[in-house]
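What follows is a short report on a single structure.
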Amino acid sequence: MFVGRTAELALLRAELRAAGGGRARRVVVEGPEGIGKTALVRHTLGGEAGVRVLAAGGEEGERWLALGVLRQLADDVAGPDGRAAALEGLEAAGLEAAGLEAAGLDAAGQDPCAAGQVICEVIGALQAHGPVVVLIDDAQWADRPSLHALGYVLRRLRAGRVLVLVAVRDVADPWLPDGLRRLLTDDDTLRITLGGLSAADLAELSTALAPPSGVLPGKPLPMPRLGEEAAERLREHTRGNPLHACALLATVTRPVLEDAAVRVPAPGTYLRPFTRRLDGSAPAARQLVAACAVLGEGCPLHVAAAVAGGLDDPLDALEEAVAAGLLRELPGRLIGFPEPLARAAAYDGLGPGTRARLHLAAAAQAGDTSTALRHRAAAASGPDDVLAEELAGYAAKAAQHGRWREAAVHLEPAAGLIDAARAPARRDELRTAALEHVLIGGDVLHAERLAGALAARDRDDAAPARWYVLGRLALGSGRFDEASVLLAEAWRVREPGLAADVAEQLAWLHLVTGDRAGAVRWARLAIEQPLQGTIARPYDVLALAGASSAGAPPGSLAAAVAHLELDAPEQACAVLKQVVAEAEKAGLPHHRLPATALLAAAEHACARWHDAAARAERALAEVAALGQRWLLPCLEAVCVAPLAALGEHELALAHAGAAMTAARRMRHALGETQAGLALALLGTEDTSRVVGAADTSPVVGTVDASWVVGVADASGVVVGAAGASAVVGAADVSAVVGLFIPDAFVPDPRPRRIEALIAEGRLPEAERAFAAFGKLDAAWQSDRAGGAAGPRRQAERIRLGALLLAAGNDPAQAEEDFVRALALVERGVCPLEEARVLLDLGRLLRRTGRRRAAAERLGAARAIFERLGARPLVDRCAQELAACGLEAQATVRLGLTPQELSTATLVAHGLTNRQIATELLISVKTVEYHIGKIYTKLGISSRVALAAKVATDARST
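Numbered by the working numbering, the letters in the sequence shown go through residues 236 to 1192 in order.
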């Protein structure tokens, strides 16, 4: 299986095409052993028809066989099917079939120049019938006469249909003749230096390779793709070397590769040559290498010498080890290994007794308690209660300072040092603590692997802490049914020190499964507990559930949500940056990542879309790497709005779809709501599936599908938390907690939907949607913020009403309302809404014949949109300005009007007619009319043909 190397393949194929055109080319491919030089060349030549390949390769054991490599070329000319047929072209050129033997290529000591001349004649004869490739593989092992002859050939091949490929580990190798090296490094030679494969390439490679697992021979099962974190770990360990990576994938089980706490060995492909070099070194050098293997990368020479013991001259030992490629010198008088595999090979070669002695010596030399404890644990040969308690004590101190992962690193060996037969409860306690600390540190994937050591025994025999930790793990992993059972069991016992943490986790569980009322109840129970945990955040649950979070710390996520509810995103950003920084300092990713997602949402509200998109996608990548699956739908959904604002519709739609898929896979009701809002924000047509209306599982906390698209019942009835109905205004809004506010992480799609309904001419529906929107928004503001809507929200509501008035033939009142909305948000109060009002006012002025005034407003709107990076809205302004007829029209493209060109571009981007209508604020019938005109003008009859035309035009311009 060949993966990666796209750029290198393109370069080689370009050189081959050039050679086929009559320009002789030479290429050198260099890189360390196993990096894939041969595979790259073979893959390049494998699909080329009509190319004659003469191949030869060096072999370390045949270095002294004079002209051995050239003889391989001579044999390759004849080929396996007989000399006469293969040399027909040579004989036609006057070169006899026996000419190669006559030249004496098989005789040792033959003049390399004469041999090179024969090869030149052979190439000259063969290229008359098609391109010729001369391949010399592993040139570092080729005999010197052949290398001299190769230099002779290269100097004389100035023209002709020939490509000479030389694969070598290092062009600087002193074995290569100076003349040949100059030719391989001059400007006329393409030099390709191969590095390691990327983590993504190794992940792809992993699907074809797996260690033996009892599967019948010849019937391999398809392997799942290696996870991102494991693939990156494999890349770091092997430096992306395909030979060694494949060897590990074929011999090491997936759990070993995926568990960062388990040491990955060196594969045999690396271990064998390393061991040969090590065995060939003096005892002092071997001792120094062994000490470094135990100490790790970047250790001082004097410490390594002390651990090794008995070294008369450490510098001499180091010099020999460096010369053999076993060690390397680092800045600051430190030493280490040339690559991670070297340390693994050195450590793997140590016997158990030697390893233990070296670890004890390293513990004695350690400059800190943590390092000394870890070396002592590695040296232990059996249970050691005293050492186990020392490790546990250090872990407790580390946890107090927020170093959760460091604490877990000490708790895991501590549990292993407890005698299972004598003190099983203590061992389980330490294992549970290790698992909890790994979870708090955020690494759910590692925690899932550790959980295997906590196989549940009889429920009555289990400690409450175990049920709590396993329940927390199930919640983080997205297994909500399992989390519900485990956490309920932990709450049943209600151990005082754990009750607050258990209640907080139950609050999060009810929130993500859609039971907002239950989430509020459990969060308040957590707050009421007399003993509070250090990592619980129940006020955050209250805020996200839409309940009052009075009493929340001022610098908390709950405080930021309150700012967003008051339409104050800048203040929310300031608070959230502090929350993210504090969570980072405390080592709490499960708090930092939701805060980061909310910060991205707040930045979107501030129209800082590039920042918001970048932040959200970074957080999404981290969530995936850590295995925090419960956060996946939220982070996917948060990516949608800023990308859509930047005009990245397809990428935004992909994120929205991924959010819905992840949410439904986990039965994540809150995630389905967020995904539904994100899809509605993009104008998706399949609204029945947006909110899970056809799902058999209750999507608790999700409103009726008609609400998502902005069409509410005239009565304002929506689905309540238990599937019942509640009438807005008839009861306290808080009774149906948070149902009527947009999700904190995803913008409200209703204004966009109202705009789309107006553009499509569906005014009765638009009026009902606007009335419901105003009623719900006003009720929520009255309940949550004392009726004080922010200026942006007020301006948005007035603008939508003005759009309805304009569509209903009341332009005078519409203009008055647009001006009133503009006064609320101009002068930097909210640039985005200001530009939206200016755009809509400009459109109204143009339609009422005041083109100069319209152009002034539209130009101001376009300037703001350009500054914000809102490409779709910039294009909309440009269309309106062009329609004003006061600006010189841009160069006509494809012979289409500006409106037709905009429609064609959106069709080419894959949007449906309804989505195009929403984007351009026109009706679907108008879109259909434009497409018909476009087809006629361009002489085409399909959207595929139109996409091809637009793509060709874009390339030409």
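Glycine included, each C-beta is placed from N, C-alpha and C at the ideal position.
**Item:** Residue burial classification, Cys1119 (beta-carbon count within 10 angstroms, cutoff 16)
**Value:** Cys1119 should be labelled buried.
| task | Classify Gly293 as helix, strand or coil using the three-state DSSP reduction. | result | Correct three-state label for Gly293: coil.
DSSP on Leu1067, reduced to helix/strand/coil? Helix, per DSSP.
**Report entry** C-alpha gap between Thr428 and Ser1137, whole angstroms
**Finding:** Distance between the alpha carbons of Thr428 and Ser1137: 45 Å.
To the nearest angstrom, how far is the alpha carbon of Ala785 from that of Arg592? The alpha-carbon of Ala785 is positioned some 59 Å away from that of Arg592.
| request: Note down the Cα distance separating Leu1076 from Trp865, rounded to an integer number of angstroms. | output: One C-alpha to the other measures close to 44 Å.
Are Val679 and Gly706 close, meaning C-beta to C-beta below 9 Å? In this structure, Gly706 does not lie closer than 9 Å to Val679 by Cβ.
First through last residue of the alpha helix (DSSP H) which encompasses Asp514:
First-last of the alpha helix (DSSP H) with Asp514: 503-514.
**Message:** Using a 10 Å radius around the Cβ and a threshold of 16 neighbouring Cβ atoms, would you call His798 buried or exposed?
**Reply:** When all chains shown are included, His798 counts as buried.
Exposed or buried, Thr604, counting other C-beta atoms within 10 Å across all chains shown (16 or more means buried)?
Thr604 should be labelled exposed.
| Going by DSSP, which residues form a beta bridge with Leu569? | For Leu569, which the question treats as bridged, DSSP gives the partners Pro535, Leu565.
Legend entry - CA-to-CA distance, Asp736 to Trp743, given in whole angstroms: C-alpha of Trp743 to C-alpha of Asp736: approximately 11 Å in a straight line.
Between the CA atoms of Ala579 and Arg390 - distance to the nearest angstrom
Each residue's Cα considered, the two are about 45 Å apart.
(message) Between the alpha carbons of Glu625 and Ile653, how many angstroms are there, rounded?
(response) The alpha-carbon separation between Glu625 and Ile653 amounts to approximately 12 Å.
- What span of residues does the alpha helix (DSSP H) with Arg1169 cover, start to end? Looking at the sequence provided, one finds Ile at residue 1169 rather than Arg. DSSP places Ile1169 in the uninterrupted alpha helix (DSSP H) bounded by 1159-1173.
Determine the extent of the alpha helix (DSSP H) in which Thr279 is found, giving its start and end residues. Thr279 -> alpha helix (DSSP H) spans 272-281.
- Message: Do Ala259 and Leu305 count as a contact pair if the criterion is CB distance below 9 Å?
- Response: Here Leu305 is not near Ala259, since their CB atoms are 9 Å or more apart.
What's the gap between the Cα of Arg489 and the Cα of Ala495? If I take the Cα positions, the gap works out to 12 Å.
Along the beta strand (DSSP E) that carries Leu370, what are the first and last residues, could you check?
Run containing Leu370: 367-372, per the beta strand (DSSP E) assignment.
task: Flag this pair as touching only if the segment 825-837 and the segment 855-864 have three or more C-beta atom pairs under 8 Å; answer yes or no.
output: These segments touch.
task: Determine, using beta-carbon pairs with one atom in the segment 773-788 and one in the segment 1032-1045, whether at least three such pairs fall under 8 Å.
output: Counting Cβ pairs under 8 Å, fewer than three are found: no touch.
field: When Leu392, Leu370, Val388, Val397 are compared against Leu361, the one with the closest alpha-carbon
entry: Measuring from the Cα of Leu361, the nearest candidate turns out to be Val397.
### Task
Can you tell me which of Gln767, Thr473, Ile675 puts its alpha carbon nearest to the alpha carbon of Leu733?
Measuring from the Cα of Leu733, the nearest candidate turns out to be Gln767.
- Message: If you follow the beta strand (DSSP E) that Ile427 is in, where does it begin and where does it stop?
- Response: Unbroken beta strand (DSSP E) run through Ile427: 424-428.
Q. First and last residue of the beta strand (DSSP E) that includes Leu398?
A. Element bounds for Leu398: 397-403.
### Query
Bridge partners of Val264, per DSSP?
DSSP, once it has assigned bridges, lists Ala402, Ile427 as partnering Val264.
Exposed or buried, which one is Cys348 when buried takes at least 16 other CB atoms within 10 Å? Cys348 is exposed by the Cβ-count criterion.
First and last residue of the alpha helix (DSSP H) that includes Gln740?
Looking at the DSSP string, the run of the alpha helix (DSSP H) that includes Gln740 is 731-747.
Separation of Leu811 from Glu817, as counted between CA atoms: Approximately 10 Å, taken between the alpha carbons.
* To do: Can you give me the Cβ contacts of Val238 inside the same chain, cut-off strictly under 6 Å, excluding the 5 residues immediately before and after it?
  => Around Val238: Asp436, Glu439, Leu440.
Q. Cβ of Gly918 within 9 Å of Cβ of Ala809?
A. For the pair Gly918 and Ala809, the CB atoms are not nearer than the 9 Å cut-off.
Margin query: Please report the distance separating the alpha-carbon of Asp311 from that of Arg853.
Written below: Roughly 53 Å separates the two Cα atoms.
What's the C-alpha gap between Gly906 and Thr1171? If I take the Cα positions, the gap works out to 45 Å.
With 16 other Cβ atoms within 10 Å as the buried cut-off, status of Leu255
Residue identity differs from the one stated: residue 255 is Gly in this sequence, not Leu. Per the 10 Å Cβ criterion, buried.
**Contact belief for Ala543 with Thr589 at Cβ below 8 Å, rounded distance in angstroms** = Not really, about 11 Å apart at Cβ, beyond 8 Å.
Open item on the list: Residues in the same chain with beta-carbon distance under 8 Å from Ala556, minus the five sequence neighbours each way, listed in chain order, please.
Closed with: Sequence-distant Cβ neighbours of Ala556 in its own chain, meaning closer than 8 Å and more than five residues away, are Ser516, Ala520, Leu523, Val524, Leu562.
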